[in-house]
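Residue numbers (the working numbering), protein chains in the order written: chain X, 3 to 312; chain V, 53 to 145. We put the beta carbon where it would ideally sit given N, CA and C, even for glycine. In this text, all values refer to a predicted model and were calculated from it rather than measured experimentally. Before any comments, here is the structure.
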């Protein structure tokens with residue numbers, strides 16, 4: 003296992019063990035700004051870890067970023083790792099980020115579906131769901147992005163346990179979702195939530211479960227537009243943007259709808275690269291360019307959130 | 053490790069809502085066989101589906117018989133998976 007974050011290869015994919023070891027190294031090397039929190043256990047009893055970037059204070063407003071909720075979307079974990087390293091490296095240098103961290107905490111959950119992720123390395127690279135099973139149910143796993151309370155069980159989700167979009171027996175039934183819900187609800191002061199998926203180059207905001215526009219539609223549309231433009235200027239990758247139900251399709255029981263309904267006004271979901279050749283099997287050579295462009299978009303959204311407190 | 057030798061990812065460009073609905077029907081015709089990487093959404097967005105080798109002939113016949121234009125995005129998934137594993141091993145070394 004790597005023994006420091008500087009010898010860790012950010013341009014290759016890693017196993018769960020390597021990522022968890024890297025997390026411990028990051029916390030050790032940058033203990034003044036980042037710590038590790040365990041927010042729960044997965045269905046197969048793996049630790050669910052969150053990095054907390056903070057310069058102190060108490061009950062500060064916070065930003066939540068998660069990646070990897072669909073386990074086969076490896077580019078999202080890799081982008082999360084690169085982004086976490088970027089944050090600790092840029093604090094004190096990047097004025098905007100430094101301002102944010104002087105008043106706001108950032109929470110990052112890099113592997114939101116550890117069981118599924120381990121399974122993509124051990125048995126099935128194309129596994130998407132978690133690994134829960136219930137008596138009498140033949141198929142494994144729930145789609146963790148269909149298990150959230152808002153719109154649960156509606157269009158764009160499936161009640162068939164063998165489906166890739168199976169929503170699970172009831173809202174928040176999955177420990178991986180319940181851990182985030184409990185953490186964010188207990189914190190009570192999260193102002194921005196970003197959920198990172200792949201692929202298809204999209205930046206979206208609520209709702210997924212309904213075609214009804216949210217009350218902050220115009221503002222979130224404008225933020226998405228700015229973020230996508232900033233992302234394009236890095237490597238020329240074009241994104242489309244808008245609400246999930248109008249940009250992509252109806253999808254119910256998803257993270258950002260729950261976040262928005264829980265009072266988190268700024269809630270966005272990324273669909274990162276591929277540009278149409280590799281799908282979920284994006285070559286590792288594209289990790290760093292993808293992370294670079296994604297960071298600029300995330301930074302744009304964070305800056306807007308910082309400048310528009312609520 | 054599951055082996056995906058011969059499995060392909062087809063990229064389908066549906067021209068209209070009718071063709072989108074046909075793709076949704078196809079999913080129903082082939083339960084647990086087709087794995088939509090990009091699900092049927094709207095005409096201007098491509099639909100990517102992983103088709104197991106054993107289903108390729110049927111699925112391509114269905115697409116062609118309904119005038120659904122498609123291309124082969126990934127010709128053999130296992131080749132990419134092997135490359136991915138080799139890249140990880142090389143990086144680890």
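Can you give me, in chain order, the residues of the segment 119 to 134 of chain V that have a beta carbon less than 9 Å from any beta carbon in chain X? If the cut-off is 9 Å between Cβ atoms, the segment 119 to 134 of chain V has 125, 126, 129, 132 and 133 near chain X.
Please report whether the beta-carbon of residue 118 of chain X lies at a distance below 8 Å from any beta-carbon of chain V. False, the Cβ-Cβ gap to chain V never drops below 8 Å.
Measuring only between beta-carbons, confirm whether residue 125 of chain X sits less than 8 Å from chain V. Residue 125 of chain X has a beta carbon lying within less than 8 Å of a beta carbon in chain V.
Can the beta-carbon of residue 270 of chain X be found closer than 8 Å to that of residue 204 of chain X? Taking 8 Å as the Cβ cut-off, residue 270 of chain X and residue 204 of chain X do not qualify as a contacting pair.
Interface partners of residue 11 of chain X on chain V, CB under 7 Å: Chain-ordered, the chain V residues with CB closer than 7 Å to the CB of residue 11 of chain X read 143.
Starting from the beta carbon of residue 286 of chain X, find every residue of chain V whose beta carbon is closer than 9 Å, and list them in chain order. Neighbours of residue 286 of chain X in chain V, taken as residues at a C-beta separation under 9 Å, are given in chain order as 136, 139, 140 and 143.
Beta strand (DSSP E) segment containing residue 325 of chain X, residue limits: There is no way to answer for residue 325 of chain X, as the model of chain X reaches only from 3 to 312.
Suppose you measure from the CA of residue 135 of chain X to the CA of residue 141 of chain X; what does that come to, to the nearest Å? In a straight line, the C-alpha of residue 135 of chain X is about 7 Å away from that of residue 141 of chain X.
Using the beta-carbon count (16 or more within 10 Å), is residue 22 of chain X buried or exposed? With 16 or more other Cβ atoms within 10 Å, it is buried.
Just verifying my parser: in three-state terms, what is the DSSP assignment at residue 98 of chain X? Looking at residue 98 of chain X - three-state DSSP - the assignment turns out to be helix.
How far does the beta strand (DSSP E) with residue 250 of chain X in it reach, from first residue to last? It is not in any beta strand (DSSP E) - residue 250 of chain X carries neither H nor E in the DSSP assignment.
Is there a Cβ from chain V that is less than 8 Å from the Cβ of residue 282 of chain X? Among the CB atoms of chain V, one or more fall inside 8 Å of the CB of residue 282 of chain X.
Identify, in the order they occur along the chain, each residue of the same chain with its Cβ nearer than 6 Å to the Cβ of residue 41 of chain X, setting aside the five sequence neighbours on each side. Excluding positions up to five away in sequence, the list reads 50, 52, 181 and 185.
Residues within the segment 57 to 75 of chain V neighbouring chain X, beta-carbon criterion of under 8 Å: Look at the segment 57 to 75 of chain V: the residues with a C-beta under 8 Å from a C-beta of chain X are 61 and 63.
Rounded separation between residue 122 of chain X and residue 175 of chain X - CA only: Answer to the nearest angstrom: the Cα atoms are 22 Å apart.
Under 8 Å by beta carbon: chain X residues contacting residue 54 of chain V: The answer, in chain order, is 125, 126, 127 and 128.
Going by DSSP, what residue range makes up the beta strand (DSSP E) through residue 40 of chain X? Bounds of the beta strand (DSSP E) holding residue 40 of chain X are 36 to 43.
Which residues, taken in chain order from the segment 9 to 35 of chain X, show a beta carbon closer than 9 Å to some beta carbon of chain V? Listed in sequence order: 11, 13, 14, 15, 16, 17 and 20.
Can you pull the chain X neighbours of residue 91 of chain V, defined as C-beta to C-beta under 7 Å? From the beta-carbon of residue 91 of chain V, the residues of chain X found nearer than 7 Å are 251.
Taking the C-alpha atoms as reference points, what is the distance between residue 55 of chain X and residue 72 of chain V? Their backbone Cα atoms lie some 44 Å apart in a straight line.
Between the segment 159 to 172 of chain X and chain V, which residues of the former have CB atoms less than 9 Å from a CB of the latter, in chain order? Answer set for the segment 159 to 172 of chain X: 162, 164, 165, 166 and 167.
If you pair each beta-carbon of the segment 139 to 154 of chain X with each one of the segment 91 to 102 of chain X, do three or more pairs fall below 8 Å? Flag = no, the segment 139 to 154 of chain X and the segment 91 to 102 of chain X do not touch.
Look at residue 200 of chain X and residue 130 of chain X and say whether their C-beta atoms are less than 8 Å apart. Contact flag unset, no.
Please list, in chain order, the residues of the segment 249 to 279 of chain X that have any C-beta partner in chain V closer than 8 Å. Listed by position, the residues of the segment 249 to 279 of chain X near chain V (Cβ gap below 8 Å) are 250, 251, 278 and 279.
List the residues of chain X whose Cβ lies closer than 8 Å to the Cβ of residue 77 of chain V, in chain order. Result: empty, since nearest Cβ-Cβ is about 15 Å, beyond 8 Å.
Just mark residue 58 of chain X as buried or exposed, buried being the case when its beta carbon has 16 or more other beta carbons within 10 Å. That one is exposed.
Quick one: Cα of residue 93 of chain X to Cα of residue 63 of chain V, how far? Taking the straight line joining both Cα atoms gives about 42 Å.
Rounded C-alpha distance that separates residue 235 of chain X from residue 162 of chain X: Put simply, the backbone Cα of residue 235 of chain X is about 42 Å away from that of residue 162 of chain X.
Is the shortest distance between the beta-carbon of residue 87 of chain V and the beta-carbons of chain X less than 8 Å? Residue 87 of chain V counts as touching chain X.
Would you identify the three-state DSSP class for residue 64 of chain X, choosing helix, strand or coil? Secondary structure of residue 64 of chain X (DSSP, three-state): strand.
Take residue 282 of chain X as the anchor and find which of V:55, V:133, V:112 and V:70 has the nearest alpha-carbon. Residue V:133 holds the alpha-carbon nearest to the alpha-carbon of residue 282 of chain X among V:55, V:133, V:112 and V:70.
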